[in-house]
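Its first residue numbered -17, the sequence shown is counted upward by one per residue in the numbering used here.
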Amino acid sequence: MENRLNNIVHFIREYAGSYPGYSPADLTVALERTFALPREQAKKLAQMPEVTREKMGLAAIELNVTFNCNLTCEYCFVHCKSPQERMRFATAQKAIDLLMDKAIFPNVVITLIGGEPLLEFELIKQIVPYALARAKEKKLEITWALTTNGTLLNEEMVQYFSQHQINVLLSIDGGQETHDRYRRTRNGEGTWQKIADRIPLLKTYQTWLGARMTVSKEAITTMRQDFNQIVQLGINQLIIAPAQGAEPWDLLQVEQYGKNMVKILEDYHNYQRQGKQLFIEEFEKDERVKFGWGCRAGSTSLAVAPNGDVSPCSKLLGLTNEAGRYIVGNVHSGLDVKKLVPFQNAISRQPAHCKECSRPCAGGCYAVNFEQTGDHFTPPTENCFFWVVGQETTRMSRFMKFC
-17 MENRLNNIVH FIREYAGSYP GYSPADLTVA LERTFALPRE QAKKLAQMPE VTREKMGLAA
43 IELNVTFNCN LTCEYCFVHC KSPQERMRFA TAQKAIDLLM DKAIFPNVVI TLIGGEPLLE
103 FELIKQIVPY ALARAKEKKL EITWALTTNG TLLNEEMVQY FSQHQINVLL SIDGGQETHD
163 RYRRTRNGEG TWQKIADRIP LLKTYQTWLG ARMTVSKEAI TTMRQDFNQI VQLGINQLII
223 APAQGAEPWD LLQVEQYGKN MVKILEDYHN YQRQGKQLFI EEFEKDERVK FGWGCRAGST
283 SLAVAPNGDV SPCSKLLGLT NEAGRYIVGN VHSGLDVKKL VPFQNAISRQ PAHCKECSRP
343 CAGGCYAVNF EQTGDHFTPP TENCFFWVVG QETTRMSRFM KFC
């Protein structure tokens, strides 16, 4: 539901940017046709200034509770940050207040991220009750998420997350050989076994467990084996994504990535036929859904750094280039909402060649775009290829359901 609402808001902002002289009646009709909304609901949305103009409306916030980490992952986007950067509770309070005061939906999302957020478990135990109290005042519901490398999980933490319905997402890159190549401790030790040992405990309290599998160029050849080893650990939901950054992928690498995604797709459907509970978002996307241009970052979602700086997303906060980081203010001193307008109407920044493309994509990751093209809204060529891989595997997946 939250994703659908986000898509609607994004569509409204794109519509407003593309047709500056539109009338609420025009937008109402567009919403009805695009999302099959009842007329009264479409009419109400079309008249909300928070989602159409320069006023800010939020659905989600990412709290970077620390830039410190107990690992030294090769492709981490906060590698360059000082490990001393830790969020104070007063900063977290201000960030939560911002979300609650600007919420445009009855359900908001708070993601706890880092660095390694479990290093700040005591802070998290302060954040949660404060956010719940503020949500109660505003008559809002909170969906919680926490992204972790998993190595610090213990029973106290897992019980607490279960009690407060905080969904844990593990970062795990495959089997032991692949994972330990990239995700090591500061002493150079592998961490796969530490995570594997903690998954049974986590599954005791969170039966449906998600993970993110980041695929580097060097790990393309073992993608299928890595996927299967992750599934055997008991993971139910998986995000599979290439490790993109300043160094671009070449066409042959993307082609190999695509071929291995097809093999993973075959295994995925075999698991499902065997009755295994497994869901991979990349294979289940509905092509009929209008995603718009650009992600939700800076539109209905913001990220807050440990010192209170605010940017459209956490990946942008991790960049070293100040223009790339795109700081729009600080939770203690206020935000310049006008700086967010380009992200709210990202379609107005869409490159000409993208407008003419027969395979319209969502515009890529703002951070990757900036690293490779110097512009948040201009995707690199590799994004086009990865998008085609995603489209084709989704179509194959839909076909295989009937085989």
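Each residue gets a CB set at the ideal place from its N, CA and C atoms; glycine is no exception.
**OP:** Grab me the residues of M378's own chain with a C-beta within less than 8 Å of its C-beta, minus the 5 sequence neighbours each way, in chain order.
**Re:** V244, L247
**OP:** Count the other CB atoms, across all protein chains shown, that sit within 10 Å of the CB of G257; report buried if there are 16 or more and exposed otherwise.
**Re:** exposed
Subject >> CB contact flag (M205, V213, <9 Å) >> reply: no
Original post:
Contact check, D232 vs T160 under 8 Å by CB: the rounded distance?
Top reply: Not quite, the Cβ-Cβ distance comes to about 21 Å (not below 8 Å), so this is no contact.
Original post:
What is the DSSP secondary structure of V197, reduced to helix, strand or coil?
Top reply: strand
Original post:
Expressed to the nearest angstrom, what Euclidean distance is found between the alpha-carbon atoms of E36 and H335?
Top reply: The predicted position of E36 is uncertain, since its pLDDT is 47 and thus under 50; a value taken from the coordinates is nonetheless stated next. Near 28 Å, if we compare the C-alpha coordinates of H335 and E36.
Original post:
From which residue to which residue does the alpha helix (DSSP H) around P182 run?
Top reply: 174 to 187
**OP:** Please determine, among C55, P333, T48, the residue with the shortest C-alpha to C-alpha distance to E171.
**Re:** C55
Original post:
Is D291 helix, strand or coil when you go by DSSP?
Top reply: strand
Subject >> Euclidean distance between Cα positions of I221 and A193 >> reply: 6 Å
Original post:
What are the complete alpha helix (DSSP H) segments, minimum 4 residues, inside the region 325 to 350?
Top reply: 334 to 337
Original post:
Mapping DSSP to helix, strand and coil, what is Q75?
Top reply: helix
**OP:** Report the residue from L134, V371, A24 whose alpha carbon sits nearest the alpha carbon of P6.
**Re:** A24
Subject >> Stretch pair the region 112 to 126 + the region 151 to 169: three plus CB contacts closer than 8 Å >> reply: no
Original post:
Are Y164 and D155 touching if we call contact CB-CB under 9 Å?
Top reply: yes
**OP:** Can you say whether P288 is buried or exposed, counting buried as having 16 or more other CB atoms within 10 angstroms of its CB?
**Re:** buried
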